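Read through the structure below, which is laid out as structure tokens, and then see the notes.
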Amino acid sequence: MKELAHYGPSLCVKFFKDFVVAGYGPFVQIYDYHNGKLLNKCRVFRKNKVHGLSINESGQLLAYGARSVTIVKFDHLITQVSLVDNEKMTTEWITSGEFNYRGDQVYLLTCYNKVFVCDLTGEILSRKTLQGERSILYSGSIKEFSPEKVYISAGTVMGGVLIWDLFLETKLYNLVGHEGSIFYATISDNGRYITSCSDDRSIKLWNLQTGEELCTGWGHTARIWNLKFFNNDTQLISVSEDNTCRVWDILQDEGNGNTSLTLSQIYEVHLIKNVWGVDIQEKDMVAVTSGNDGRLKLTKIQDTKTMNAQEVSFSLEDISTHSVIKFSKGEIIKGFQKFEFGLIAITSLGKIIQYFECDNLWKLLLVSENLVSYSVTHGIMEHNIVTFSNNKSDALLLKLSQDGRDIIAKKFMHLDELSKTNNCLVTKFDATTLMLTLESPNPRDKFICLQFDLETLSLKKKFAFAKPENFASSCLEVFENYILVGSRFSSIAIFDTLNIEHPAYMIRRISAGDTTTNIKFVETKGHTHLFSVTNRDGFYNFVALSYQNQTHQIIHSNNIVKGFLEGAYFNDNGEYITYGFKSNLFYIYNETNCYEIASQVCGGGHRQWKLTTLPDGGYMLVYIKAARLYMRKIPQSLFPQTLEEGMHGREIRDITILKDKRYHDDGFIFCTASEDTTIKVCHFNESTGKVTNHWTERKHVSGLQRCKFINGKYMISSSAREELFLWEINDDYKLHPFITIRQTLPASSDNPDLRIMDFDAIFLEHSDNFIISTVYSDSSVKLWYYNTDENKFHLLVKGRYQTCCILNTALIIFHDKLYLLIATTTGYLVTYDVTDHIPFGINETKNKLIDNKLETCCVDLPASSLSLRVHQSGIKAIDVFKDEHNDSFKIYSCGDDNAMAITLFKFDEMKRELNNTIVSSEPNSAASTVTSCNVFDNGRKLLSTSVDQVVKVWDVSNNHLTLQEEKYTTIADTGASDTVSGRDDSTLFLIGGIGFSVWKTD
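Structure, rendered in structure tokens:
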């Protein structure tokens, strides 16, 4: 077997020329950061992860991790797939390493505050130590100022930073002031400062000449792992457990000489939790970070000069000063619309003013008395059209020339049908017309839709629709002959322009939030049209609409991480981009890959604002704050946002593959359930192992326990607080697979505190109805019936095993009976015959149940029919395999006792009862807990994973465990796996823990 792809914690990262070099498990991966291309992946260690890197100017690379160290040429690293033969082992844990001034030696700082001076083969030439200091180091760094002057910054576990001279072996300072272990300490290139960070979440700056503490910086909300000086040692960059990368300015007060550390920028760069490594390319001012989620993130560091150049702001006084426009006291800007040439705005006294960006000039376009006091402004940027409306049923449309200098069309309208208007919405209708809607606060008034020519602004058509109840328009989308209008209470009204007398088709309560903020067409499949719908309270949904049949279905639902959601769209790469407000920030977020694209401090969402996508791929955010008009340009990144997308930031607890069919004919959809409370929906390419993220579902509120596809349509997930969700997956659309919750299992109390440890399901024939067994952490056992027509779970059987936690369950049809099997923390496999306790018959041939049309009711769990101790302690995982003749079935199990076993179940025809026996047991199958097992190859082979990070394949074809192959995995806390048959008789393995890997049998 071989590993196709690996995603996991990246502990260190460096820039070198045009490359990014990252430690990725035992590999060093090299990227061209200009285009994001992975140039090579080279294994440098057999087992240990790469914790640190150093590269000198002559192209030699030093990599270290734990007790492993290697020194290789960069040219070899970029061309070869393995250099493990160069790996050397030291006697002590290495905390830091650097090349010397000449590049012919390396210095290795160990956890015992010793420095090994080594040649380029890794042979130790001498040992340096600081006598009288015995503290264990948590971190450290080495700074060489000259061949004779090398300083060591040693971060101890006791809260002090020891600064000592390598060659003199004398202590310069013991810097005391932090609380807790020192996670990093380093010296600036100019030899002026020392900086350190610790468990107390602070950054301290020290004077290297005197050892004096200069200042302390506060801002991170969790532990800080790494620091780096940059920009001529006038700034610091830090990364933390709080998933952020922060930039600090080192400021010197010329008056009193005091030094301060001021937080200037915050970038959210990784997922829960931990950002480990950081480096910065000062030529391009781009930072690269690496984290526990496996992501390698590039972030453009905005300097003050660049940020100021990207933002302009004006008050009416500023505009008046630099133009001939005069404004009255109390006059304010009421609306605006962005265009390529600049901007058009309107004031509270009806002055329509125009800004030319290239000239930085304002001019008065015209004055409209009809637009005094109240006005609503919209426009269509690509056609240079701006629209204004008031509350008196008036609308003004202007079309400007390409350069914005001339008005080439003008249209004013008054609607007699409406006595008053309180909202106006505008969008492009088709290639030649636009649609403008006007709404009255009177529920009996019509909803007016006006269709105008894009060139002449002449009115083409007028539509007057009856308004639905509780309707207040908030957003607009058109598709073919349909007008989709978002409303309050998370609703959408759909009007047909070909049948204006027909009442609007209403989709109500799409999600739990209030106002619908954005509707976007996504794609069409047959007669069904897919739309993205966002809600201000943070929910987004994908609605499949068939207007001909007057039906709709929500095929995807989710909520954003935090804040208010104002809109979303798919970019050219098929990534779902969301935007809105959180606290006082406006944000733009890549929801598909879970990272922030940009943010802007603007004071929050209670203000006028507009976001425009620019032709070059950037954005323009226009907003009003404290009576000033701001225009903030957010440029398109010159570099890829990520080099690796990564996956979860915490442990993957379970993996499940949708095995019924391939996705896009090159791989399979799979889901991962994580300790970070999220479920990721992804697919992997079976040839390369490359994983593509699609969605990160955030419905669960506690760490996941299980996730499992129970057929080609449904997936179930469970966690603590008795959370069990039934998900429906839809992979019929081209852009992405979609997933949504269909139902939630009822909890036993209003404040549930139990964990659903496992579940299993069996379907009824000719339907999507099924029964499901659930087992709990308090030894409870329950059996439920799910009815798709009712979309409801009915409790059929409930009971309790003993007092121990139940870890696994299975439902097995065998000899016309239904058996419920559980595996416990005491090592027992326990079997219940529940055939007579369910209102269904048995179809053993199809391995399904028969609906006898009987009423459902809840009964007590019967006494167990079999109980067999298979393991000495908890059974961590089981898998079931029925033989082809249906005269027996086997339970493959693994446990906390490091053992694996095969238990054979047979039916005694004479006694009419089930018997079981252990036919094979391997008590020392691993050096630690065996966490998962999966039978594959039609029952002939078994996959196992264990905490000792060894993946094993067993031959079980003769009912005996025979080890066939084993390989080490770099995934720590290895605990989840699933298998699927690939092409050419191969089998693909997905293995998860703190990281994720795709393996394939040879």
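Residue 1342 in our numbering sits at position 145 of the sequence shown; the count goes up by one each step and never skips. Every residue, glycine too, gets a C-beta built ideally from N, C-alpha and C. As the structure is a prediction and not an experimental result, all values here were calculated from the model.
Boundaries of the beta strand (DSSP E) in which residue i is found, first to last residue
i	result
ALA1219	1216–1221
LEU1921	1921–1927
SER1997	Position check: residue 1997 holds Arg in this sequence, whereas Ser was assumed. It spans 1989–1997 - the beta strand (DSSP E) in which ARG1997 sits, taken as one unbroken run.
CYS1904	1901–1906
ARG2066	2063–2066
VAL2177	2169–2178
ASP1957	1953–1960
ARG1324	1321–1326
TYR1261	1257–1262
MET1632	1630–1636
GLN1182	Nothing in the structure corresponds to residue 1182, since the chain is present only between 1198 and 2199.
ILE1854	1849–1854
THR1618	That residue, THR1618, is in no beta strand (DSSP E); it is neither H nor E in DSSP.
Strand pairing of residue i, partner residues [DSSP]
i	result
LYS1140	Given a span of 1198 to 2199 for the chain in the structure shown, any question on residue 1140 remains unanswerable.
MET1578	DSSP, once it has assigned bridges, lists no residue as partnering MET1578.
SER1435	LEU1424, ARG1443
TYR1304	GLU1295, VAL1314
PHE1662	PHE1644
ASP2105	GLU2110
ARG1733	None, per the DSSP bridge assignment.
LEU1595	VAL1583, LYS1607
TYR1973	ILE1953
GLU1763	Its beta-bridge partners do not exist; DSSP assigns none.
TYR2025	ARG2066
Per-residue burial, residue i [other beta carbons within 10 Å of its own, 16 or more giving buried]
i	result
LEU1250	buried
PHE1342	exposed
ASN1715	buried
VAL1266	buried
GLU2081	exposed
HIS1611	exposed
SER2064	exposed
HIS2157	exposed
ARG1903	buried
PRO1700	exposed
SER1255	exposed
PHE1216	buried
LYS1659	exposed
TRP1445	buried
VAL1798	exposed
PHE1990	buried
MET1504	exposed
ARG1558	Before going further, note that residue 1558 is Leu rather than Arg in the sequence given. The residue is exposed, with fewer than 16 neighbouring Cβ atoms inside 10 Å.
For residue i, the first and last residue of its enclosing alpha helix (DSSP H)
i	result
HIS1933	Taken as a continuous stretch (DSSP letters only), HIS1933 belongs to no alpha helix (DSSP H), as it is neither H nor E.
ASP1272	1271–1274
ASP1515	1513–1518
Q: Write down every uninterrupted run of the beta strand (DSSP E) in the region 1450–1501 whose length is 3 residues or greater and which is fully enclosed by it, in chain order.
A: 1456–1465, 1472–1478, 1483–1488, 1493–1497
Q. Which runs of the beta strand (DSSP E), 3 residues or longer, sit entirely within the region 1772–1839?
A. 1773–1779, 1782–1787, 1792–1798, 1806–1810, 1816–1822, 1825–1831
Q: Assess, as a yes-or-no matter, whether the region 2173–2183 is touched by the region 2122–2131 under the definition of 3 or more beta carbon pairs within less than 8 angstroms.
A: yes
Q.
Quick check: the region 1534–1548 against the region 1614–1623, are at least 3 beta-carbon pairs closer than 8 angstroms?
A. no
Q. Does the region 1679–1692 touch the region 1656–1671, meaning 3 or more C-beta pairs lie closer than 8 angstroms?
A. yes
Q) Within the chosen definition, does the region 1923–1940 reach the region 2018–2032 through at least 3 CB pairs nearer than 8 angstroms? A) no
Q. Between the region 1806–1826 and the region 1471–1488, do at least 3 Cβ pairs fall closer than 8 angstroms?
A. no
Q. Which ranges would you report for the alpha helix (DSSP H) in the region 1354–1415 if only whole runs of at least 4 residues count?
A. none
Q.
Would the region 1532–1539 count as touching the region 1506–1517 if we require 3 or more Cβ pairs under 8 angstroms?
A. no
Q | Validate contact between the region 1836–1854 and the region 1570–1584 using beta carbons, cut 8 angstroms, 3 pairs | A | no
Q) Quick one: any contact between the region 1848–1868 and the region 1500–1510, if contact means 3 or more CB pairs under 8 angstroms? A) no
Q. Does the region 1827–1842 come close enough to the region 1426–1437 to have 3 or more Cβ pairs within less than 8 angstroms?
A. no
(Q) As an exercise, report each continuous beta strand (DSSP E) stretch of at least 3 residues that is fully enclosed by the region 1664–1738, in chain order. (A) 1670–1676, 1679–1684, 1688–1693, 1702–1704, 1713–1722, 1725–1732
Q: Could you tell me whether the region 1407–1418 touches the region 1362–1380, using the rule of 3 or more Cβ pairs below 8 angstroms?
A: yes
Q: Kindly confirm or deny that the region 2106–2113 and the region 2041–2059 touch, where touching means at least three C-beta pairs closer than 8 angstroms.
A: no
(Q) When you compare the region 1235–1249 with the region 1273–1283, are there three or more beta-carbon pairs, one atom per stretch, that lie closer than 8 angstroms? (A) yes
Q. So, do the region 1873–1890 and the region 1941–1956 have three or more beta carbon pairs nearer to each other than 8 angstroms?
A. no
(Q) Would you call the region 1959–1966 in contact with the region 2021–2032, where contact means no fewer than 3 C-beta pairs closer than 8 angstroms? (A) no
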